[in-house]
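Asker: Going down the list, the sequences are from chains A and B. Here my numbering is used: position 211 in the first sequence is 211, and no number is missing along the way. Here my numbering is used: position 422 in the second sequence is 422, and no number is missing along the way. Quick reminder that beta carbons are idealized off the backbone N, C-alpha and C, glycines included. Structure in structure tokens, see below.
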Amino acid sequence: MKRLIAIIEDEPAIRDNYAAAFAREGYAVRAYANRREAVAAFATRLPDLAVIDISLEDEPEGGFELCRQLRALSAELPIIFLTARDSELDAVSGLRLGADDFLTKDLSLAHLTARVNALFRRVDALRRPPEASQILRRGALTLDAQRMQIEWNGKVVLLSLTEFWIVHALAHHPGHVKNRQQLMDAANVVLDDNTITSHIKRLRRKFQALDPAFDAVQTVYGMGYRWTE
Amino acid sequence: MTLRIKLLLVSLLTLALPWGGCQYAREMETALRAAEEQSLTAVARTMADSLQGRADLLYRGNSNDTMPPGELDLEAVPLAGSPFLDGYADEWPAVAPARKYFNQGKDRLGVLAGVHDRMLYLLLDVRDNKVVFDAQDADPLDPATFGDRLWLGFQDSDGAERQLFIAASSPGPVQARYIETRELSQHVAVEEPRITGAWQLKTGGYRVELRVPLAMLGERLGVLVDDRDSLGAAPKSYGSLQGADLRARGRLIAASPALADYLAQIAQPGLRLVVTTPAGALLASAIAPPTTTLQPRRNFLQRLYRNVLAGAGEHRTITASAAIHESGGRNAIGQLQIVQNTDRWLTLRDRALITLLNFTLVASLIAVIAMFAFAAHLALRLSRLRRASESALTRAGLVTTFPETNSQDELGDVARSFATLLGRLDEYTGYLRTLAGKLAHEIRTPLTIVRSSLENMESESPPSAAARPYLDRAREGSERLNAILVAMSAASRVEEAIAHTERSRFDLAAVIASAVAAYRMAFLQRQFTIAVPEQPLTMEGAPDLIVQLLDKLIDNAVDFSPPGSTIAVRLTREPNVARLDVENTGPTLAPENRSKIFESLWQSRLDGDSRPHFGLGLYIVRLIAEFHDGHATAQNLPDDAGVRFTIYFSLQSRQ
Numbered sequence: 001m002k003r004l005i006a007i008i009e010d011e012p013a014i015r016d017n018y019a020a021a022f023a024r025e026g027y028a029v030r031a032y033a034n035r036r037e038a039v040a041a042f043a044t045r046l047p048d049l050a051v052i053d054i055s056l057e058d059e060p061e062g063g064f065e066l067c068r069q070l071r072a073l074s075a076e077l078p079i080i081f082l083t084a085r086d087s088e089l090d091a092v093s094g095l096r097l098g099a100d101d102f103l104t105k106d107l108s109l110a111h112l113t114a115r116v117n118a119l120f121r122r123v124d125a126l127r128r129p130p131e132a133s134q135i136l137r138r139g140a141l142t143l144d145a146q147r148m149q150i151e152w153n154g155k156v157v158l159l160s161l162t163e164f165w166i167v168h169a170l171a172h173h174p175g176h177v178k179n180r181q182q183l184m185d186a187a188n189v190v191l192d193d194n195t196i197t198s199h200i201k202r203l204r205r206k207f208q209a210l211d212p213a214f215d216a217v218q219t220v221y222g223m224g225y226r227w228t229e
Numbered sequence: 001m002t003l004r005i006k007l008l009l010v011s012l013l014t015l016a017l018p019w020g021g022c023q024y025a026r027e028m029e030t031a032l033r034a035a036e037e038q039s040l041t042a043v044a045r046t047m048a049d050s051l052q053g054r055a056d057l058l059y060r061g062n063s064n065d066t067m068p069p070g071e072l073d074l075e076a077v078p079l080a081g082s083p084f085l086d087g088y089a090d091e092w093p094a095v096a097p098a099r100k101y102f103n104q105g106k107d108r109l110g111v112l113a114g115v116h117d118r119m120l121y122l123l124l125d126v127r128d129n130k131v132v133f134d135a136q137d138a139d140p141l142d143p144a145t146f147g148d149r150l151w152l153g154f155q156d157s158d159g160a161e162r163q164l165f166i167a168a169s170s171p172g173p174v175q176a177r178y179i180e181t182r183e184l185s186q187h188v189a190v191e192e193p194r195i196t197g198a199w200q201l202k203t204g205g206y207r208v209e210l211r212v213p214l215a216m217l218g219e220r221l222g223v224l225v226d227d228r229d230s231l232g233a234a235p236k237s238y239g240s241l242q243g244a245d246l247r248a249r250g251r252l253i254a255a256s257p258a259l260a261d262y263l264a265q266i267a268q269p270g271l272r273l274v275v276t277t278p279a280g281a282l283l284a285s286a287i288a289p290p291t292t293t294l295q296p297r298r299n300f301l302q303r304l305y306r307n308v309l310a311g312a313g314e315h316r317t318i319t320a321s322a323a324i325h326e327s328g329g330r331n332a333i334g335q336l337q338i339v340q341n342t343d344r345w346l347t348l349r350d351r352a353l354i355t356l357l358n359f360t361l362v363a364s365l366i367a368v369i370a371m372f373a374f375a376a377h378l379a380l381r382l383s384r385l386r387r388a389s390e391s392a393l394t395r396a397g398l399v400t401t402f403p404e405t406n407s408q409d410e411l412g413d414v415a416r417s418f419a420t421l422l423g424r425l426d427e428y429t430g431y432l433r434t435l436a437g438k439l440a441h442e443i444r445t446p447l448t449i450v451r452s453s454l455e456n457m458e459s460e461s462p463p464s465a466a467a468r469p470y471l472d473r474a475r476e477g478s479e480r481l482n483a484i485l486v487a488m489s490a491a492s493r494v495e496e497a498i499a500h501t502e503r504s505r506f507d508l509a510a511v512i513a514s515a516v517a518a519y520r521m522a523f524l525q526r527q528f529t530i531a532v533p534e535q536p537l538t539m540e541g542a543p544d545l546i547v548q549l550l551d552k553l554i555d556n557a558v559d560f561s562p563p564g565s566t567i568a569v570r571l572t573r574e575p576n577v578a579r580l581d582v583e584n585t586g587p588t589l590a591p592e593n594r595s596k597i598f599e600s601l602w603q604s605r606l607d608g609d610s611r612p613h614f615g616l617g618l619y620i621v622r623l624i625a626e627f628h629d630g631h632a633t634a635q636n637l638p639d640d641a642g643v644r645f646t647i648y649f650s651l652q653s654r655q
């Protein structure tokens, strides 16, 4: 049975293009123009993944509301925000609402489908027992590449997909400095310097929420970041 | 010239007030003088009228015949005191136009009449080559004993003709005598005790001084000389008496003593009354001293005012005159003149004037001070407005509440227009500032449609070899468009990122050193030199942003410097600030661009550089410098070999 992706996007041309791209990848796609339609459809069947635009027709923040409703229905459902907006504030709000990723529309379709695939892989992996070979341990850090899940001192750190890939890239070679370009490649995104910086800041804060003494992600000024143990 | 000085100068115009006061005082004085003269003339008229027809007073006569002035008339001059009757002319005025001369051959009689205290004095100078005295102890009526004799003829107060002779047997006192015919036609020489005098010899003649009570005298008076060359010889007679009957031919022009009394009676304080003949000969005068004497105070101020009023008050007296007419006739028998001394009311006027000037000067002074204070206040308000208008609009928008906008005056209007104008400017710059971001946002959606369509097209049906280049070009174009959009919205993203940055304390020197070490590896085509203080340079801020700032500066330096050249980074500590210099060789800045290069979307790109370039790098540098309470400047190197960017960071803690 094909996985079902729901696209909620008010711009028909973009909506149809994304739908076509996902269909080509072998997914079933349902597209909705507004929150009302989407909620009505989700009442009968939940999709396997939702791609949501933030501003929907007459609701400038409709995407956030929809995300909240979806999360209420399912805690595991992967949600990706896709938006023309690129403000830091929007990204923070979206991710705080439990979205798995926050992407801007200038991301290429190839990158987008790669992320969707990765999220599905994670969903699958979470349903299976962990495989030891995919698990990387660095001191207090336990990184499960399959399930895209990170634990710190045994507690799960809830990271977005981008953040997971950044930590993954850093922790794989402790002590090696990864510059911003390398991190972007690892995360399958095109971001500017400030966005990388804010991603790093955000994931540091998530670790520090569990362990105030967390200091494993270090800034090497002028070069990039590195993982220290 | 400042507003203050200008208004001060304008306020000096109030000094016209005292000047106007002076002019007014001068006018007043002229008017007062005219009025005074008029009233004085009226007074003179009245007084003259009261003397109308009083020839008895003016001339002691009661006749109204007004003979024309004759050559034989004697004018009596007023004397300052009674002459001592000694035959010498010491007490008499040396120059007296009223002196009359009567000639006889070589001989001559000079007559001078004077009046003092109800007495008529006569000074008779006789030129005589041979003075003959009467014989000693002889009968005065015996012709053989006659020497030189003088005859005095006059009408007495009753109109009767009288003749008296003065004879002397030696120099000394003389007595007038008259010849009385008694019974049997016996002639007797009787002494007239009221007429006395003195006879004295002088060079070439003799002099006789006589005193006659004015009360005796009527209208006419004459003097005759009987000149004899020897005792008893036939006399040569000459003078103003008729030779036959010795009647006086000329008049004595002298007022009755009662006239002086009368004048003294009617004179008012401060006035001098003078009665003259129509021809101008003085008859009588009276002076009434002012009842109050005002000692004029001449202090400094008064002298100053006097100088200001130069020309005023020069005429110290006012004169008015009126003719005294004969009774019922139009002919003048005399002239009354009133002279008023103006000292008294000049002093009064001076006092009023000083008061006026003092008041106006004080008023001027107050006006000047008030004007100056007002000007200072105005200048203060203006400079406050200027400062506000200069600093009101910053990058962060309209930050200042505009002063003076509540004022009701024109300055308030200006301030309100300024506030409105700046408000509009603020809206406009805000609009411009967000325009790029908004534009980018709006274009992003159609661009996404284009790009996703292209990608779908490629995936669905691989294009033919012929179509491939076009597709590639379309994709390439859309990528570039996308890059432009990212750059356009970068400024607002950076601003947002900076706004959310947390501050921490860090060692600026270590951060800079670390970053420069990285640039050495990143830019192999450039040499880097670095100089940082040995001591840690701790400041408060965001090291990430500092590195970003340095990135932009180094990017800029690399872009504009030739390969193989050296980029110098220098960090120095200055009081309260850290100074970061980045120098590179290469093209210099045009002076007009020095501040512009830190603006958003300003670009000066090199030819052949096709990368999207929005000049945001240095704008970000400025934003980051300002985030650290600092600022960025750019100047050319001293030898114009390149450019130096200098960034100042505040070292002072925020709290």
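Starting from residue 212(B), trace the alpha helix (DSSP H) both ways and give me its first and last residue.
Answerer: From DSSP, residue 212(B) is part of no alpha helix (DSSP H) but of the beta strand (DSSP E) over 205 to 213.
Asker: Report the residue ranges of all beta strand (DSSP E) runs contained in full by the segment 304 to 379 of chain B; include only those spanning at least 3 residues, in chain order.
Answerer: Entirely contained in the segment 304 to 379 of chain B, the beta strand (DSSP E) runs reaching 3 residues are, in chain order, 317 to 325, 332 to 341.
Asker: How is residue 183(B) classed by DSSP in three states: helix, strand or coil?
Answerer: DSSP places residue 183(B) in helix when its eight states are reduced to three.
Asker: Judging by CA-CA distance, which residue of 220(B), 214(B), 32(B), 326(B) is the nearest neighbour of residue 73(B)?
Answerer: Of 220(B), 214(B), 32(B), 326(B), the residue nearest in Cα terms is 220(B).
Asker: For the segment 433 to 447 of chain B, which residues have a beta carbon sitting closer than 8 Å to at least one beta carbon of chain A?
Answerer: Within the segment 433 to 447 of chain B, the qualifying residues are 441, 444, 445, 447.
Asker: How is residue 524(B) classed by DSSP in three states: helix, strand or coil?
Answerer: Three-state DSSP puts residue 524(B) in coil, outside helix and strand.
Asker: Using a Cβ distance threshold of 8 Å, determine whether the segment 443 to 463 of chain B contacts the segment 11 to 22 of chain A, with at least three qualifying pairs required.
Answerer: Result yes; three or more Cβ-Cβ pairs closer than 8 Å.
Asker: For residue 26(B), tell me which candidate among 423(B), 587(B), 353(B) has the shortest Cα-Cα distance.
Answerer: Comparing Cα positions, the closest option is 353(B).
Asker: Measure the alpha-carbon distance for residue 595(B) versus residue 389(B) and round it to whole angstroms.
Answerer: In a straight line, the C-alpha of residue 595(B) is about 20 Å away from that of residue 389(B).
Asker: At a CB-CB cut-off below 8 Å, which residues of chain A make contact with residue 482(B)?
Answerer: Within 8 Å Cβ-Cβ: 106.
Asker: Assuming residue 444(B) contacts residue 106(A) under a Cβ cut-off of 8 Å, what Cβ separation, rounded to an integer in Å, is found between them?
Answerer: Residue 444(B) to residue 106(A), Cβ: 7 Å. Contact.
Asker: If we ignore side chains and look at the alpha-carbon of each, how far apart do residue 44(B) and residue 283(B) end up?
Answerer: Spanning the two alpha carbons is a distance of roughly 16 Å.
Asker: Quick check: what's the CA-CA separation for residue 28(B) versus residue 47(B)?
Answerer: In a straight line, the C-alpha of residue 28(B) is about 28 Å away from that of residue 47(B).
Asker: DSSP beta-bridge partners for residue 151(B)?
Answerer: According to DSSP, which records beta bridges pairwise, residue 151(B) is partnered with 165(B), 224(B).
Asker: Using a beta-carbon distance below 8 Å, is residue 225(A) in contact with chain B?
Answerer: Residue 225(A) does not count as touching chain B.
Asker: Compute the distance between the beta-carbons of residue 153(B) and residue 110(B), then report whether it is under 8 Å.
Answerer: No, the pair does not count as a contact, with Cβ atoms beyond the cut-off.
Asker: Would you mind giving the Cβ-Cβ distance between residue 65(A) and residue 35(A), rounded to the nearest angstrom? I have them listed as a contact below 8 Å.
Answerer: Rounded, the Cβ-Cβ distance is 6 Å, consistent with contact.
Asker: Would you call the segment 6 to 16 of chain B and the segment 232 to 239 of chain B in contact, with 3 or more CB pairs under 8 Å?
Answerer: No: fewer than three Cβ pairs fall under 8 Å.
Asker: Which word fits residue 439(B), buried or exposed, when buried means at least 16 other C-beta atoms lie within 10 angstroms of its C-beta?
Answerer: Under this definition residue 439(B) is an exposed residue.
Asker: Which same chain residues, not among the five before or five after residue 695(B), have their C-beta less than 7 Å away from its C-beta?
Answerer: What is shown of chain B runs 1 to 655, which leaves residue 695(B) out entirely.
Asker: Hey, how far is the Cα of residue 552(B) from the Cα of residue 461(B)?
Answerer: Computed Cα separation, rounded: 43 Å.
Asker: Do residue 99(B) and residue 112(B) have their C-beta atoms within less than 8 Å of each other?
Answerer: Yes, these two residues count as a Cβ contact at 8 Å.
Asker: Can you tell me whether residue 236(B) is helix, strand or coil according to DSSP?
Answerer: Residue 236(B) falls in the strand class under three-state DSSP.
Asker: To which residues does DSSP link residue 227(A) through a beta bridge?
Answerer: According to DSSP, which records beta bridges pairwise, residue 227(A) is partnered with 217(A).
Asker: Using the three-state DSSP reduction, which class does residue 253(B) fall into: helix, strand or coil?
Answerer: Three-state result, residue 253(B): strand.
Asker: Can you tell me whether residue 180(B) is buried or exposed, with buried defined as 16 or more other CB within 10 angstroms of its CB?
Answerer: By the neighbour-count rule (16 or more Cβ atoms within 10 Å), residue 180(B) is not buried but exposed.
Asker: At a CB-CB cut-off below 9 Å, which residues of chain A make contact with residue 582(B)?
Answerer: Going along chain A, no residue has its Cβ under 9 Å from residue 582(B), so there is no contact; the nearest lies around 13 Å.
Asker: Only counting the same chain, and skipping five residues up and downstream in sequence, which positions put a Cβ closer than 8 Å to that of residue 206(A)?
Answerer: Around residue 206(A): 157, 158, 159, 163.
Asker: For residue 567(B) and chain A, any beta-carbon pair shorter than 8 Å?
Answerer: For residue 567(B), the answer is no, since every Cβ of chain A falls outside 8 Å of its Cβ.
Asker: I believe residue 41(A) touches residue 27(A) by the beta-carbon criterion, under 8 Å. Please report the beta-carbon distance rounded to the nearest angstrom.
Answerer: Not quite, the Cβ-Cβ distance comes to about 16 Å (not below 8 Å), so this is no contact.
Asker: Where do the ends of the alpha helix (DSSP H) carrying residue 482(B) lie?
Answerer: Looking at the DSSP string, the run of the alpha helix (DSSP H) that includes residue 482(B) is 468 to 499.
Asker: Just list the residues that DSSP pairs residue 285(B) with in beta bridges.
Answerer: Partner(s): 274(B).
Asker: Can you give me the Cβ contacts of residue 555(B) inside the same chain, cut-off strictly under 8 Å, excluding the 5 residues immediately before and after it?
Answerer: Within the same chain, residue 555(B) has close Cβ partners 617.
Asker: What three-state label does DSSP hand residue 598(B) in the structure shown?
Answerer: Here residue 598(B) sits in helix by DSSP.
Asker: Against residue 14(A), what residues of chain B qualify as contacts under a CB-to-CB distance less than 8 Å, listed in chain order?
Answerer: Those are 445, 448, 449, 452, listed as they occur along chain B.
Asker: Going by C-alpha distance, which of 81(B), 216(B), 37(B), 557(B) is nearest residue 192(B)?
Answerer: Among 81(B), 216(B), 37(B), 557(B), the Cα nearest to that of residue 192(B) belongs to 216(B).
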